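Q: The sequence shown begins at 1 in the UniProt record's numbering and counts up one residue at a time. Backbone N, C-alpha and C fix where the C-beta goes; we use that ideal spot for every residue, glycine too. Quick caveat, the model's predicted, so the values are computed rather than measured. My questions all concern the structure below.
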Amino acid sequence: MILVHSFNSSIDITYQIDHLNIGQVHRPNTVIKNAGGKGINVAKVLNQLKENVLLMGYIAGNNGKTIKTKLEDITLSNEFIETDGESRICIAINDGLHQTEILESGPLIKKVYQKEYIHKLKRKQHCNVQVISGSTPILEDATPLEHTHTILNSIESNYNIVDVRASELQQLLQYDEVHCIKPNETEFDELIGFTCEHLEQRIDVLKHNPLFQNKDVFLTLGANGALIKRNNHLYRAHIPNMQIVNPVGSGDSTVAGIAYGIENLFDDEMMIKFAMACGISNAMNEQTGYISLSQINELIDKIKVEKI
Numbered sequence: 001m002i003l004v005h006s007f008n009s010s011i012d013i014t015y016q017i018d019h020l021n022i023g024q025v026h027r028p029n030t031v032i033k034n035a036g037g038k039g040i041n042v043a044k045v046l047n048q049l050k051e052n053v054l055l056m057g058y059i060a061g062n063n064g065k066t067i068k069t070k071l072e073d074i075t076l077s078n079e080f081i082e083t084d085g086e087s088r089i090c091i092a093i094n095d096g097l098h099q100t101e102i103l104e105s106g107p108l109i110k111k112v113y114q115k116e117y118i119h120k121l122k123r124k125q126h127c128n129v130q131v132i133s134g135s136t137p138i139l140e141d142a143t144p145l146e147h148t149h150t151i152l153n154s155i156e157s158n159y160n161i162v163d164v165r166a167s168e169l170q171q172l173l174q175y176d177e178v179h180c181i182k183p184n185e186t187e188f189d190e191l192i193g194f195t196c197e198h199l200e201q202r203i204d205v206l207k208h209n210p211l212f213q214n215k216d217v218f219l220t221l222g223a224n225g226a227l228i229k230r231n232n233h234l235y236r237a238h239i240p241n242m243q244i245v246n247p248v249g250s251g252d253s254t255v256a257g258i259a260y261g262i263e264n265l266f267d268d269e270m271m272i273k274f275a276m277a278c279g280i281s282n283a284m285n286e287q288t289g290y291i292s293l294s295q296i297n298e299l300i301d302k303i304k305v306e307k308i
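If you want it as structure tokens, here you go:
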């Protein structure tokens with residue numbers, strides 16, 4: 001089983017417009033509303049892949065009820081802890097050239113609900129792959145680091161993928177329980193504390209920076225593919241040029257592809273191709289956290305992986 005955590009779930013609204021003019025009234029060409037948050041996107045993709053996935057998280061208020069209903073509509077197995085307050089709304093405005101995002105913080109998670117979450121998690125005892133993805137909400141009497149580390153130690157898991165903001169990830173990488181991370185270029189530079197000027201510099205950092213010792217790293221490079229450190233081997237993934245429709249959730253879909261590959265014992269090359277294909281397929285579709293199996297099969301043949 002793959003267990004996915006979404007601590008700060010949301011209703012994601014994407015407005016597609018012709019051009020964003022600050023201070024002006026806009027009427028969107030398309031409005032897309034989904035249950036969102038990075039963890040939910042990961043779980044939605046795994047669900048489409050017919051994987052045995054369970055989603056856990058916190059929800060609150062009427063927005064939380066909407067999130068749960070939308071997930072039940074797609075038959076995604078979930079176990080949420082209902083808290084006080086209101087689950088957040090996240091807005092993305094896309095004009096074809098740029099994307100502007102407005103992200104609410106989400107509700108305060110009181111200590112009693114944190115304890116309830118841990119209790120429910122401990123009762124599950126074991127999962128093969130565990131994914132922690134997305135921002136951590138405001139917590140009563142706990143830091144994001146403490147909360148995430150407690151989660152990692154509350155269930156026996158063979159492989160843990162952690163995809164959170166770089167400020168949290170930098171500290172979490174000290175723990176053996178973190179097996180895999182998936183930063184993009186900006187997050188990677190924030191992790192290491194300086195800006196890499198060229199690809200060779202990123203390769204050197206992956207090889208020698210102690211932060212990534214004994215960790216799998218999927219460093220996505222946008223249109224330039226990815227650099228991957230897997231089992232202390234380095235790979236470069238080259239991807240085809242495709243028509244991008246909505247990039248929101250592409251990184252989450254890549255994380256889902258990694259989890260699926262680990263769960264199904266893919267070799268390194270196939271896992272890399274599959275994960276990248278999931279991310280690209282998401283970007284080729286309007287809906288966040290949506291993939292096409294036919295697109296993935298076609299893309300796998302077009303993605304090239306070389307060992308460095």
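Helix, strand or coil, according to DSSP, for residue 205 in the structure here?
A: As a working note, residue 205 is residue 205 in the sequence shown. Note: residue 205 maps to helix in three-state DSSP.
Q: Report the three-state DSSP secondary structure of residue 33 (helix, strand or coil).
A: Working through the sequence shown from its first residue, we reach residue 33 at position 33. Strand at residue 33.
Q: Cα-Cα, which of 296, 308, 274 and 257 is closest to residue 129?
A: Counting from one through the sequence shown, the residue named residue 129 turns up at place 129. Selected option, being the one with the closest Cα: 257.
Q: What is the DSSP secondary structure of residue 303, counted as helix, strand or coil?
A: If you number the sequence shown from 1, residue 303 lands on position 303. In the three-state reduction of the DSSP assignment, residue 303 falls in the coil class, being assigned neither a helical nor a strand state.
Q: With DSSP as the reference, please indicate the residues paired to residue 56 in a beta bridge.
A: By 1-based counting over the sequence shown, the position of residue 56 is 56. Answer is 5 and 79.
Q: What are the boundary residues of the beta strand (DSSP E) that residue 218 is part of?
A: Your numbering for residue 218 matches position 218 in the sequence shown. Here the beta strand (DSSP E) through residue 218 covers 216-220.
Q: DSSP three-state call for residue 136: helix, strand or coil?
A: By 1-based counting over the sequence shown, the position of residue 136 is 136. Of the three classes helix, strand and coil, the one that applies to residue 136 here is coil, per DSSP.
Q: For residue 282 and residue 289, what's the separation of their Cα atoms in angstroms?
A: Numbered from 1 along the sequence shown, position 282 holds the residue referred to as residue 282. Numbered from 1 along the sequence shown, position 289 holds the residue referred to as residue 289. Approximately 6 Å, taken between the alpha carbons.
Q: So, at 8 Å on beta carbons, what are the nonlocal neighbours of residue 234 in its own chain, with the 5 sequence-adjacent residues on each side left out?
A: As a working note, residue 234 is residue 234 in the sequence shown. Closer than 8 Å at the Cβ level, and outside the excluded window around residue 234, lie 203, 206, 207, 227, 228, 307 and 308.
Q: Is the segment 38-47 touching the segment 119-133, taking contact as three or more C-beta pairs under 8 Å?
A: yes
Q: Just to confirm my understanding: we take residue 20, look at its own chain, exclude 5 residues before and 5 after, and list those with CB closer than 8 Å. What are they?
A: Counting from one through the sequence shown, the residue named residue 20 turns up at place 20. Taken in chain order, the residues that qualify are 26, 93, 95, 98 and 100.
Q: Less than 8 Å between the C-beta atoms of residue 79 and residue 54, yes or no?
A: Reading the sequence shown from its first residue, position 79 is the one you call residue 79. Reading the sequence shown from its first residue, position 54 is the one you call residue 54. Yes, the Cβ-Cβ distance between residue 79 and residue 54 is below 8 Å.
Q: Around the Cβ of residue 75, are there at least 16 other Cβ atoms within 10 angstroms (buried) or fewer (exposed)?
A: In the sequence shown, residue 75 corresponds to position 75, counting from 1. Residue 75 should be labelled exposed.
Q: Which residue's Cα is closest to the Cα of residue 300: 284, 278 and 287?
A: For the purposes of this step, residue 300 is identified with residue 300 of the sequence shown, where counting begins at 1. Ranking 284, 278 and 287 by Cα distance to residue 300 puts 278 first.
Q: Ignoring anything shorter than 3 residues, give me the beta strand (DSSP E) runs that lie fully in the segment 273-304, in order along the chain.
A: none
Q: Quick one: what does DSSP say residue 63 is sitting in, helix, strand or coil?
A: Taking the sequence shown and counting its residues from 1, the one referred to as residue 63 is at position 63. Residue state, collapsed to three classes: helix.
Q: In the segment 99-123, which residue ranges form an unbroken alpha helix (DSSP H) of at least 4 residues, counting only runs that do not cross its ends?
A: 111-122
Q: Give me, in chain order, the residues of the same chain whose beta-carbon lies closer than 8 Å to that of residue 209; leave out the 5 immediate sequence neighbours on both sides.
A: Here residue 209 refers to the residue found at position 209 when the sequence shown is read from its first residue. These residues qualify, in order along the chain: 192.
Q: For residue 244, I'd like the list of residues in its chain whose CB is within less than 6 Å of its CB, leaving aside the five on either flank, ordered along the chain.
A: The sequence position of residue 244 within the sequence shown is 244, counting from 1. Result list for residue 244: 283, in chain order.
Q: Given this structure, state the Cα-to-Cα distance separating residue 119 from residue 179, to the nearest angstrom.
A: Residue mapping note: residue 119 aligns to position 119 of the sequence shown, counting from 1. Residue mapping note: residue 179 aligns to position 179 of the sequence shown, counting from 1. If you take the alpha carbons of residue 119 and residue 179, they lie about 24 Å apart.
Q: What span of residues does the alpha helix (DSSP H) with residue 252 cover, start to end?
A: By 1-based counting over the sequence shown, the position of residue 252 is 252. In the DSSP assignment, residue 252 falls within the unbroken alpha helix (DSSP H) covering 250-263.
Q: For a quick check, are the C-beta atoms of residue 343 and residue 13 less than 8 Å apart?
A: Given a span of 1 to 308 for the chain in the structure shown, any question on residue 343 remains unanswerable.
Q: DSSP on residue 68, reduced to helix/strand/coil?
A: Here residue 68 refers to the residue found at position 68 of the sequence shown. Of the three classes helix, strand and coil, the one that applies to residue 68 here is helix, per DSSP.
Q: Does the Cβ of residue 313 have 16 or more other Cβ atoms within 10 Å, making it buried, or fewer, making it exposed?
A: In this structure the chain extends from 1 to 308, so residue 313 is not present and cannot be described.
Q: Would you please state the rounded distance, in angstroms, between the beta carbons of residue 269 and residue 305? I believe it to be under 8 Å.
A: If you number the sequence shown from 1, residue 269 lands on position 269. If you number the sequence shown from 1, residue 305 lands on position 305. Contact holds; Cβ gap of about 5 Å.
Q: Using the DSSP secondary-structure output, state which residues sit across from residue 14 in a beta bridge.
A: Counting from one through the sequence shown, the residue named residue 14 turns up at place 14. Looking at the DSSP assignment, residue 14 forms a beta bridge with 32 and 92.
Q: Does the distance from the C-beta atom of residue 110 to that of residue 156 stay below 8 Å?
A: The count along the sequence shown starts at 1 and reaches residue 110 at position 110. The count along the sequence shown starts at 1 and reaches residue 156 at position 156. Cβ distance not < 8 Å, so residue 110 and residue 156 don't count as in contact.
Q: Could you check where the beta strand (DSSP E) with residue 229 kicks off and where it finishes?
A: Residue numbering aside, residue 229 sits at position 229 when the sequence shown is read from its first letter. Segment 226-230, the beta strand (DSSP E) holding residue 229.
Q: Quick one: which unbroken beta strand (DSSP E) runs of 3-plus residues sit fully inside the segment 123-204? Chain order, please.
A: 126-133 and 156-163
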